[in-house]
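Presented below is the structure to which this report refers.
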Amino acid sequence: MIRTSRSTQKLNKNYSFLIFSISQGISNLGGAFHFIAVTALLVNISGNGLWAGFSMVLTPICSLLLSPFAGTLGDRLNEKYVLIVLDVWKSLVGILFIFSNEIWSIYCLKLLISAIEILYNPSKKKLISSILKSDELMAGNSIVSGISGITYVIGPVLAGLIIRFFGIHTIFYIHSSASLLSAFLLFLVETRESSLLLQRKEKKAGLKFHGGIATGFTYFKNQPEIKFWIFTGTVLALGTISVNMTFYSFAFDFLKVSNELWAIMISLFYGARFIAMGLSLGLHGRIRKRPMAYVFICFFTVATCWFFYGNIKTVILIMVLQLLEGTALSLFEILLNAQLQTISQKDYVARIFSINDIISNVGQLFGVLCTYVFIHIFSLQRIFMLNAILLFVCILYLFAMGKGRRKTHQFSIH
Numbered sequence: 002m003i004r005t006s007r008s009t010q011k012l013n014k015n016y017s018f019l020i021f022s023i024s025q026g027i028s029n030l031g032g033a034f035h036f037i038a039v040t041a042l043l044v045n046i047s048g049n050g051l052w053a054g055f056s057m058v059l060t061p062i063c064s065l066l067l068s069p070f071a072g073t074l075g076d077r078l079n080e081k082y083v084l085i086v087l088d089v090w091k092s093l094v095g096i097l098f099i100f101s102n103e104i105w106s107i108y109c110l111k112l113l114i115s116a117i118e119i120l121y122n123p124s125k126k127k128l129i130s131s132i133l134k135s136d137e138l139m140a141g142n143s144i145v146s147g148i149s150g151i152t153y154v155i156g157p158v159l160a161g162l163i164i165r166f167f168g169i170h171t172i173f174y175i176h177s178s179a180s181l182l183s184a185f186l187l188f189l190v191e192t193r194e195s196s197l198l199l200q201r202k203e204k205k206a207g208l209k210f211h212g213g214i215a216t217g218f219t220y221f222k223n224q225p226e227i228k229f230w231i232f233t234g235t236v237l238a239l240g241t242i243s244v245n246m247t248f249y250s251f252a253f254d255f256l257k258v259s260n261e262l263w264a265i266m267i268s269l270f271y272g273a274r275f276i277a278m279g280l281s282l283g284l285h286g287r288i289r290k291r292p293m294a295y296v297f298i299c300f301f302t303v304a305t306c307w308f309f310y311g312n313i314k315t316v317i318l319i320m321v322l323q324l325l326e327g328t329a330l331s332l333f334e335i336l337l338n339a340q341l342q343t344i345s346q347k348d349y350v351a352r353i354f355s356i357n358d359i360i361s362n363v364g365q366l367f368g369v370l371c372t373y374v375f376i377h378i379f380s381l382q383r384i385f386m387l388n389a390i391l392l393f394v395c396i397l398y399l400f401a402m403g404k405g406r407r408k409t410h411q412f413s414i415h
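Using my numbering, the letters of the sequence shown map in sequence onto residues 2 to 415.
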């Protein structure tokens with residue numbers, strides 16, 4: 002616990018990390034507003050929640066096309082300026098939602114936003130590893146996740162009120178302004194000199210852009226520990242997107258929730274990141290010693306929540322399950338990010354996260370296709386239970402291999 006408090010104190014004195022955290026908090030708040038507004042817009046136009054749920058397929062498609070370039074972009078260029086440019090583009094695209102009154106145009110703009118976010122993620126992860134030391138990464142990722150959680154507690158509720166009293170268009174103005182402010186704050190962040198020198202060396206090497214993509218995949222292929230963590234996360238991502246797609250229809254079409262109640266439910270789910278932050282900071286030392294034990298805990302918690310989604314019809318109980326599920330998913334995300342940032346070479350960090358996005362989103366696309374088929378065959382509750390069974394089988398598989406009590410470097414995927 003002492004080590005955790007010292008790590009947090011170091012982060013509090015890190016000016017660049019403080020500014021970066023504020024910028025991400027503002028960006029996430031705008032993103033939370035935007036998420037609620039787009040969902041409400043799709044539901045209002047289409048008349049059901051299924052269209053809003055299917056909009057989630059855009060991110061996996063974008064990831065397959067753009068993630069290879071996103072990683073190389075983050076490793077070849079100054080990641081700070083990559084993020085600044087992308088925030089400005091996000092602001093410009095975000096304001097165009099004001100002029101969208103048809104489903105196809107909303108989907109096109111959402112596709113552009115998804116593309117920007119895919120390009121954003123690897124450079125963001127690399128910037129974190131550039132301004133923090135390796136022993137600070139777990140605490141740093143926890144704080145960033147916690148800030149995101151706070152914004153998703155406040156954001157959806159405020160967005161619901163703003164939509165009710167001022168209209169949906171106001172939300173898009175706020176989202177656009179938040180992206181611009183985030184870009185300005187990122188300009189003030191100072192990266193470590195070693196990261197800048199590394200970028201100059203890469204430029205001197207004369208390696209072409211597509212060559213950088215190839216070397217990233219070659220590096221990944223020869224790193225069994227990295228492969229294990231990425232494929233473990235992919236299993237969870239597959240089930241998560243299936244459950245999330247189903248939950249849209251479950252909430253709007255089966256439970257008949259209002260926009261205001263939906264905003265509260267989203268606040269609980271994403272706000273659980275703040276709880277995950279507290280857990281990861283408090284258990285910092287234990288998680289670093291036995292990360293796989295906490296992977297099992299996270300997976301078991303999520304699978305249990307999914308199972309009970311299929312057997313409970315009371316909104317209050319479902320919201321409690323959302324809180325538990327969100328906490329477990331966020332804790333695993335913190336753990337996964339810290340592991341990949343720690344075990345990856347610094348000049349491959351962005352590319353490893355882009356490869357993680359690619360593989361994870363292949364799994365998500367598979368989950369989307371299966372869900373699309375199953376949703377016409379089974380009840381919504383049955384789909385929740387099928388995903389729970391998938392995750393329980395994954396837990397049993399890992400446990401049967403006798404790996405659960407060993408350190409992460411003992412795992413390998415062939």
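All residues carry an ideal CB built from backbone N, CA and C; glycine is no exception.
- Of the candidates Phe253, Met139, His377, Met139 places its Cα closest to the Cα of Lys290.
- Counting of Cβ neighbours within 10 angstroms places Val39 among the buried residues, the total reaching 16 or more.
- Two segments are said to touch when three or more pairs of C-beta atoms, one from each, lie closer than 8 Å; by this definition the segment 253-268 touches the segment 141-156.
- In this structure, the CA atom of Ser250 is about 15 Å from the CA atom of Ile378.
- Distance check between Lys347 and each of Lys127, Leu113, Lys228 places Lys127 closest, using alpha-carbon atoms only.
- The three-state reading of DSSP puts Arg291 in coil, since its state is none of H, G, I, E or B.
- Annotation for Lys228: the continuous alpha helix (DSSP H) segment containing it runs 225-250.
- Rounded to the nearest angstrom, the Cβ distance from Ile85 to Ala184 is 5 Å, consistent with a contact under 8 Å.
- Distances from the CA of Leu113 to each of Asn102, Trp90, Lys134 were compared; the closest alpha carbon is that of Trp90.
- Secondary structure at Glu103: coil, using DSSP grouped into helix, strand and coil.
- Note that the C-beta distance between Ile172 and Ile163 is below 8 Å.
- By the C-beta density criterion, Gly168 is exposed, having fewer than 16 other C-beta atoms within 10 angstroms.
- Runs of alpha helix (DSSP H) with 4 or more residues, each lying fully within the segment 14-48, are found at 16-47, listed in chain order.
- Between the C-alpha atoms of Ile231 and Gly364 there is a straight-line separation of about 11 Å.
- Using a Cβ-Cβ distance cut-off of 8 Å, the segment 117-126 and the segment 74-88 are in contact, since at least three pairs of beta carbons, one from each stretch, lie closer than that value.
- In this structure, the CA atom of Leu186 is about 29 Å from the CA atom of Leu66.
- Relative to the Cα of Gln25, the nearest Cα in the group Leu181, Ala71, Lys14 belongs to Leu181.
- When the Cα atoms are used, Ala179 and Ile62 turn out to be separated by approximately 26 Å.
- Counting every other CB atom within 10 Å of its CB across the protein chains shown gives Thr233 a total of 16 or more, marking it as buried.
- Taken through DSSP and simplified to helix, strand or coil, His377 comes out as coil.
- Here Trp105 is exposed: its Cβ has fewer than 16 other Cβ atoms, across all protein chains shown, within 10 Å.
- Rounded to whole angstroms, the separation of the alpha carbons of Thr235 and Phe367 is 11 Å.
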